[in-house]
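Colleague:
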Amino acid sequence: MAIACGLAVAGNYFAQPLVDAIRTDLGLGPTLAALVVTAAQAGYAVGLVFLVPLGDLLERRKLAVSLTALSALLLAVTAVSQNGVMLLAGTALTGLFSVAAQVVVPYAATLAAPEAKGKAVGTVMSGLLLGILLSRTAAGLLAEAGTWRTVYWVNSILMAIMAVALWFALPSLRTPAGLSYPALLRSVASLLRTEPVLRIRCYLGFLAFAAFGVLWTALGFMLASDPYNWDEAAIGLFGFVGAAGALMAISGGRLADKGYVHQVGGFGTVLLALSWIPMALGKTSLIALLVGVIVLDLAVQAIHLSNQNIVFAIKPEARNRLNSAYMTFYFLGGTFGSASTSTVRVTYGWGGVCILGALVSLLAVVIWGADQVRSRVDSRG
Numbered sequence: 103m104a105i106a107c108g109l110a111v112a113g114n115y116f117a118q119p120l121v122d123a124i125r126t127d128l129g130l131g132p133t134l135a136a137l138v139v140t141a142a143q144a145g146y147a148v149g150l151v152f153l154v155p156l157g158d159l160l161e162r163r164k165l166a167v168s169l170t171a172l173s174a175l176l177l178a179v180t181a182v183s184q185n186g187v188m189l190l191a192g193t194a195l196t197g198l199f200s201v202a203a204q205v206v207v208p209y210a211a212t213l214a215a216p217e218a219k220g221k222a223v224g225t226v227m228s229g230l231l232l233g234i235l236l237s238r239t240a241a242g243l244l245a246e247a248g249t250w251r252t253v254y255w256v257n258s259i260l261m262a263i264m265a266v267a268l269w270f271a272l273p274s275l276r277t278p279a280g281l282s283y284p285a286l287l288r289s290v291a292s293l294l295r296t297e298p299v300l301r302i303r304c305y306l307g308f309l310a311f312a313a314f315g316v317l318w319t320a321l322g323f324m325l326a327s328d329p330y331n332w333d334e335a336a337i338g339l340f341g342f343v344g345a346a347g348a349l350m351a352i353s354g355g356r357l358a359d360k361g362y363v364h365q366v367g368g369f370g371t372v373l374l375a376l377s378w379i380p381m382a383l384g385k386t387s388l389i390a391l392l393v394g395v396i397v398l399d400l401a402v403q404a405i406h407l408s409n410q411n412i413v414f415a416i417k418p419e420a421r422n423r424l425n426s427a428y429m430t431f432y433f434l435g436g437t438f439g440s441a442s443t444s445t446v447r448v449t450y451g452w453g454g455v456c457i458l459g460a461l462v463s464l465l466a467v468v469i470w471g472a473d474q475v476r477s478r479v480d481s482r483g
């Protein structure tokens, strides 16, 4: 399930280091070529809202397998694209169906024994985060070995294999919500309105992935400039550094299973804020930069893991709708982080980026602390 999640989300990020190669091969204008990345993200956002809640309505194995198979098909469409329209359609629809990953995560939480739920979610989420972090590196290596189309062909084949593997490996599971599809979608908004715990976790998820977006949007530009002057291949390998932090966070799932789920989240928010101290020194110190990246990715994973364990416990029968609401905020946070960084980096440089990241992270610390105070007051009342 972790591998399936990683492969599913990776397809949304392959185009980022390949935009120039795609543009040259298909004869696209720079604006249209840049839309390839946006199309994948837009498709993913639509899928979070309209497809993920279906896990509370349909049989989950069939849904997960169908979405994975459709992703494989649309990746193949992207690989054979002959013009900009076909390319944008392929990437947008691939993004739409790649939300298979967000169906699989609550599926894993439901299948796991109560005492191992945190470990299961942590393992699957680590696979997802590794897919995001390593996708650019894999894209660069595969494109260098072949062409930009090679990347999409390889992922298409792997996703087709994963669809078959999921069908045979996963048990049938259906927890019907007893709602029509329109009512199912409306109930997502209702959950946000009536569940304060969900709202708090949405805010924390938004801020955590915003900090992630701040770092990874600006990092490549910084490493390509003085004093590093790295080429694209070297910058792509930096994804392995972040992967180390993601893998370390699996232990957070074990702590969550032992009853420390809130502490894991709090520890993550503090680490997130502290990570920007070595990051600020990273302009002149590679060691400091490495420490900052590892700590930040560990922190983001810890916060995300804590959030999902708490969110899934609110209403187990509505886990897919809860995940739809939470992941929509999470995704919007990443979009906000990337968009705001693009402006800040040009105007204020790496120092401004680190200040932006620190402010976002400190706000997460404040929200987590305020929520803990509120919880204690409520318990005494």
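Take 103 as the starting number for the sequence shown in our numbering and just add one per residue. Virtual Cβ for every residue (Gly too), placed ideally from N, Cα, C.
1. Determine the burial state of Lys219: buried for a count of at least 16 other Cβ atoms within 10 Å of its Cβ, exposed for fewer.
2. Measure the C-alpha to C-alpha separation of Tyr254 and Leu177 and round it to an integer number of angstroms.
3. Skipping 5 residues on each side, what residues in its chain have a beta carbon closer than 7 Å to that of Ser426?
4. Can you list, in chain order, the residues of its chain whose CB lies under 6 Å from that of Ala104, leaving out five sequence neighbours each side?
5. Give me the Cβ distance between Ala110 and Ala202, rounded to the nearest whole Å; I'm assuming they're in contact under 8 Å.
6. Counting C-beta neighbours from all protein chains within 10 Å, is the total for Leu241 16 or more, i.e. buried, or is it exposed?
7. Could you check which residue in Gln184, Ala191 and Gly108 has the C-alpha nearest to that of Val139?
8. Could you spell out the range, first to last residue, of the alpha helix (DSSP H) harbouring Thr386?
9. Tell me whether Asn411 is buried or exposed, calling it buried when 16 or more other Cβ atoms sit within 10 Å of its Cβ.
10. On the three-state DSSP scale, how would you describe Ala262?
11. Are the CB atoms of Tyr428 and Val448 nearer to each other than 7 Å?
12. Count the CB pairs spanning the segment 358-376 and the segment 460-475 that are closer than 8 Å, and state whether there are at least three.
13. Answer with buried or exposed for Tyr283, where buried requires no fewer than 16 other C-beta atoms within 10 angstroms of its C-beta.
14. Answer with buried or exposed for Ser440, where buried requires no fewer than 16 other C-beta atoms within 10 angstroms of its C-beta.
15. Please look up how many angstroms separate the CB atoms of Phe340 and Leu325, rounded, as I've assumed it's under 8 Å.
16. From the DSSP output, in three-state form, read off Tyr330 for me.
17. Closer than 7 Å, CB to CB, is Gly242 near chain D or not?
18. If I follow the unbroken alpha helix (DSSP H) through Thr134, where does it start and stop?
19. Could you pull out every residue in the same chain whose Cβ sits closer than 8 Å to the Cβ of Asp330, ignoring the five residues on either side in sequence?
20. How far does the alpha helix (DSSP H) with Pro216 in it extend, from its first residue to its last?
21. Please list, in chain order, all residues of the same chain as Ser408 whose beta carbon is under 6 Å from its beta carbon, the five residues on each side excluded.
22. Can you tell which of Ala194, Leu275 and Ala141 has its C-alpha closest to the C-alpha of Val167?
23. Of all the options Ala415, Trp452 and Gly459, which has the alpha carbon lying nearest to the alpha carbon of Gly436?
24. Do Val299 and Ile469 come within 7 Å of each other at the CB atom, strictly closer than that value?
25. With 16 as the cutoff for other CB atoms within 10 Å, does Pro119 come out buried or exposed?
26. Going by other Cβ atoms of all chains shown within 10 Å of its Cβ, with 16 needed for buried, is Arg476 buried or exposed?
27. Checking 7 Å against the spacing of the C-beta atoms, do Asn422 and Asp158 come in under that value?
28. Are the segment 243-262 and the segment 373-382 in contact at 8 Å, needing three or more beta carbon pairs?
29. Might you give, ordered along the chain, the residues of its own chain that have their beta carbon closer than 7 Å to the beta carbon of Val250, omitting 5 neighbours on each side?
30. Classify Phe342 as buried or exposed, calling it buried when 16 or more other Cβ atoms lie within 10 Å of its own Cβ.
31. Which parts of the segment 361-412 are runs of the alpha helix (DSSP H), unbroken and 4 residues or longer, counting only runs that do not cross its ends?
32. Compare the beta carbon distance of Thr196 and Gly113 with 7 Å and say whether it is the shorter of the two.
33. Please work out which residues of its chain come closer than 8 Å, Cβ to Cβ, to Pro132, disregarding the five sequence neighbours upstream and downstream, and give them in chain order.
34. Quick one: grab the DSSP three-state call for Lys417.
Modeller: Straight from the coordinates:
1. Numbered from its first residue, the sequence shown carries residue 219 at position 117. By the neighbour-count rule (16 or more Cβ atoms within 10 Å), Lys219 is buried.
2. On the sequence shown, residue 254 is found 152 positions in, with the first residue counted as 1. On the sequence shown, residue 177 is found 75 positions in, with the first residue counted as 1. Distance between the alpha carbons of Tyr254 and Leu177: 6 Å.
3. Position 324 of the sequence shown, counted from the start, is the residue given in the question as residue 426. Once the five neighbours on either side are set aside, the close Cβ partners of Ser426 are Leu150, Val151, Val154, Pro155 and Val290.
4. Position 2 of the sequence shown holds residue 104. Here the set comprises Thr225, Val226 and Gly229.
5. By one-based count along the sequence shown, residue 110 stands at place 8. By one-based count along the sequence shown, residue 202 stands at place 100. Ala110 to Ala202, Cβ: 5 Å. Contact.
6. Residue numbering aside, residue 241 sits at position 139 when the sequence shown is read from its first letter. The amino acid at residue 241 is misidentified as Leu; the sequence shows Ala. Flag for Ala241 reads buried.
7. If you number the sequence shown from 1, residue 139 lands on position 37. The shortest Cα separation from Val139 among Gln184, Ala191 and Gly108 belongs to Ala191.
8. To locate residue 386, count along the sequence shown from 1; it is residue 284. Looking at the DSSP string, Thr386 is not in any alpha helix (DSSP H), and its letter there is neither H nor E.
9. Position 309 of the sequence shown, counted from the first residue, corresponds to residue 411. Buried, since its Cβ has 16 or more Cβ neighbours within 10 Å.
10. As a working note, residue 262 is residue 160 in the sequence shown. Three-state DSSP puts Ala262 in a helix.
11. Here residue 428 corresponds to residue number 326 of the sequence shown, with the count starting at 1. Here residue 448 corresponds to residue number 346 of the sequence shown, with the count starting at 1. For Tyr428 and Val448, no; Cβs fall outside 7 Å.
12. They touch, by the three-pair rule.
13. In the sequence shown, the residue the question calls residue 283 occupies position 181. Exposed, by the Cβ-count rule.
14. The residue you call residue 440 lines up with position 338 of the sequence shown. By the 10 Å Cβ count, Ser440 comes out buried.
15. By 1-based counting over the sequence shown, the position of residue 340 is 238. By 1-based counting over the sequence shown, the position of residue 325 is 223. That pair is a contact at about 7 Å.
16. Along the sequence shown, read from residue 1 onward, the residue named residue 330 stands at position 228. Three-state result, Tyr330: coil.
17. Of the chains in the structure shown, none is chain D; there is only one protein chain.
18. Mapped onto the sequence shown, residue 134 falls at position 32. The sequence given here has Leu at residue 134, not Thr. Where Leu134 is concerned, the enclosing alpha helix (DSSP H) stretches over Pro132 to Phe152.
19. In the sequence shown, the residue the question calls residue 330 occupies position 228. The residue you asked about is not Asp; residue 330 is Tyr in the sequence shown. The answer, listed in chain order, is Met324 and Leu388.
20. Sequence index remark: in the sequence shown, residue 216 carries index 114 (1-based). From DSSP, Pro216 is part of no alpha helix (DSSP H); its letter is neither H nor E.
21. Within the sequence shown, the letter at position 306 stands for residue 408. These residues qualify, in order along the chain: Val363, Val366 and Gly367.
22. If you number the sequence shown from 1, residue 167 lands on position 65. The option with the nearest alpha carbon to Val167 is Leu275.
23. The residue you call residue 436 lines up with position 334 of the sequence shown. Among Ala415, Trp452 and Gly459, the Cα nearest to that of Gly436 belongs to Gly459.
24. Counting from one through the sequence shown, the residue named residue 469 turns up at place 367. Counting from one through the sequence shown, the residue named residue 299 turns up at place 197. No; because the gap between Cβ atoms is not below 7 Å, this pair is not in contact.
25. Position 17 of the sequence shown holds residue 119. So Pro119 ends up on the buried side.
26. The sequence position of residue 476 within the sequence shown is 374, counting from 1. Arg476 should be labelled exposed.
27. If you number the sequence shown from 1, residue 422 lands on position 320. If you number the sequence shown from 1, residue 158 lands on position 56. Yes, Cβ-Cβ distance for Asn422 and Asp158 is below 7 Å.
28. no
29. In the sequence shown, the residue the question calls residue 250 occupies position 148. Note that residue 250 corresponds to Trp in the displayed sequence, not to Val. Closer than 7 Å at the Cβ level, and outside the excluded window around Trp250, lie Leu120, Ala123, Ile124 and Asp127.
30. For the purposes of this step, residue 342 is identified with residue 240 of the sequence shown, where counting begins at 1. Counting Cβ neighbours within 10 Å, Phe342 comes out exposed, since fewer than 16 surround it.
31. 363-376 and 378-383
32. For the purposes of this step, residue 196 is taken as residue 94 along the sequence shown, with counting starting at 1. For the purposes of this step, residue 113 is taken as residue 11 along the sequence shown, with counting starting at 1. Cβ atoms of Thr196 and Gly113: closer than 7 Å.
33. One-based indexing of the sequence shown puts residue 132 at position 30. Cβ neighbours of Pro132 beyond the five flanking positions: Arg125.
34. Translated into the one-based positions of the sequence shown, residue 417 becomes position 315. DSSP places Lys417 in coil when its eight states are reduced to three.
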